[in-house]
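Structure first, commentary second.
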Amino acid sequence: MAIAVSSAFKIKRLPHRLFGFAGSLVLFGCGAAFAAPVTFNTALPVGKGAFVLRNQLIYSEASRNGTGLSDLRDVALLGYGLSPDLALFGSASWLRRDVDTASGLGREADGLGDVQVFARYTAYRHDFSGGAFRVAPFFGIELPTGENHKRDSLGQLPPGLQPGSGSVDGLAGAVVSWASLDMNIDGQIFWQENTKANGINKGDVFKADAAFYRRVYPRELSAYTKGFLFGGLEVNYRHEGRTRMNGVIDPDSGGETLFLTPGLQYARRLWMLEGAVQIPVAQSTNGSNLRQDFSVRIGIRINL
């Protein structure tokens with residue numbers, strides 16, 4: 058695809074070295090010097106035959122009435138460009154969960170989590186001077202690769218501590234991205250339909266997300282520009298339905314949370330470092346279900 062980039066950045070007045078750098082990023086969309094959301098995916102394409110690797114460490118805490126839960130996970134996502142419009146993704150995670158109750162009882166579990174596999178298709182594209190706009194629906198499944206029968210000295214661990222769900226779940230949604238070398242705007246809607254396993258049917262999950270990132274350094278492009286620093290803010294809404302156990306609704310399950318998420322990214326042509334802190338600003342949980350305290354994400358993206 059061809060994009061006229063010269064008018065927006067006055068590339069004709071700059072050395073060819075900068076033209077090659079900025080031009081390739083705009084032309085191929087998957088270049089890491091575009092900012093992107095930290096908490097969800099982007100609609101920008103993965104080049105045909107190219108790979109993109111993303112790895113994040115995510116640490117979160119939740120608590121209520123003297124009970125606290127910590128969750129640490131290492132999430133790796135690999136994407137492959139099957140065509141200019143179609144990309145395939147696979148996501149795997151390792152996680153560790155620890156819970157401490159008000160009575161001093163502690164339980165923990167770790168292991169491989171469930172794997173997600175999904176496809177993303179560019180349904181609409183518009184390329185303009187210095188940037189691109191994409192709309193991309195996606196759909197896939199979550200496979201029960203994580204163990205869901207872990208035990209300790211007290212017996213089998215509760216479902217909330219198990220690394221895996223035991224169920225095959227469907228997921229779908231759409232993501233929108235408007236990107237330039239100055240700023241990025243992204244949005245996503247996401248739905249996960251959870252199925253029954255071992256007598257437990259976890260509540261379905263709906264998420265709506267938005268992100269805005271702006272280049273804060275360098276303020277002006279030059280022939281020596283090698284990387285960009287972006288700062289921004291994301292808004293994340295999550296609603297989780299009630300869990301049913303043997304057909305009976307669990308009164309201490311489900312709820313909704315709204316996060317504000319400041320983020321920072323340093324982007325080079327082939328890689329990006331990223332970090333963000335999710336801060337809950339509004340929550341409504343059912344019964345004694347835990348409330349989110351915070352979540353921290355740090356990660357790296359590499360274009361292969």
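Residue 58 is where the sequence shown starts when you use the numbering used here, and the numbers rise one by one after that.
Beta carbons: idealized from backbone N, C-alpha and C, even for Gly.
A straight-line Cα-Cα distance of about 11 Å links Gln213 and Glu165.
The Cβ atoms of Glu199 and Gly227 sit closer than 9 Å to each other. Asn112 has its alpha-carbon roughly 16 Å from the corresponding atom of Leu145.
Spanning the alpha carbons of Ser127 and Arg299 requires a straight line of approximately 21 Å. Between Met240 and Arg271, the CB-CB gap stays under 9 Å. When C-alpha distances from Val232 are compared across Ile257, Ser222, Leu110 and Pro194, the shortest belongs to Pro194. Following the DSSP letters along the chain, one finds Phe285 inside the beta strand (DSSP E) bounded by residues Phe285 to Glu297. The continuous beta strand (DSSP E) containing Gln322 extends over residues Gly312 to Ala324. Taking 9 Å as the cut-off, the Cβ atoms of Gly147 and Val109 do not count as close.
Beta-bridge analysis with DSSP links Asn112 to Ala133 and Ile357.
Put simply, of Lys259, Thr318 and Asp309 the residue whose alpha carbon is nearest the alpha carbon of Phe269 is Thr318. Asp209 counts as exposed, since fewer than 16 other C-beta atoms from the protein chains shown sit within 10 angstroms of its C-beta.
Cβ-Cβ distances below 6 Å link Glu313 to His296 and Ser341 in the same chain, with the five nearest sequence neighbours on each side left out; the list follows chain order. The criterion of a C-beta distance shorter than 9 Å is satisfied by Val292 and Phe316.
One thing to note: Leu143 has its Cβ within 9 Å of the Cβ of Arg177. In the three-state reduction of the DSSP assignment, Leu238 falls in the coil class. Exclusion of the five residues before and after Ile257 leaves Pro216 and Met302 as the residues of its chain whose Cβ lies within less than 6 Å of its Cβ. A residue is called buried once 16 or more other Cβ atoms fall within 10 Å of its Cβ, and Lys259 is buried on that count. It is roughly 25 Å from the alpha-carbon of Ala265 to the alpha-carbon of Gly138.
Rounded to whole angstroms, the separation of the alpha carbons of Val103 and Leu361 is 10 Å.
Counting along the chain, Arg154 sits inside the beta strand (DSSP E) bounded by residues Leu143 to Asp157. Minimum Cα-Cα distance from Thr202 among the listed residues Leu134, Ser186, Phe190 and Ser222 corresponds to Ser222.
Taking the CA atoms as reference points, Asn122 sits about 13 Å from Asn343.
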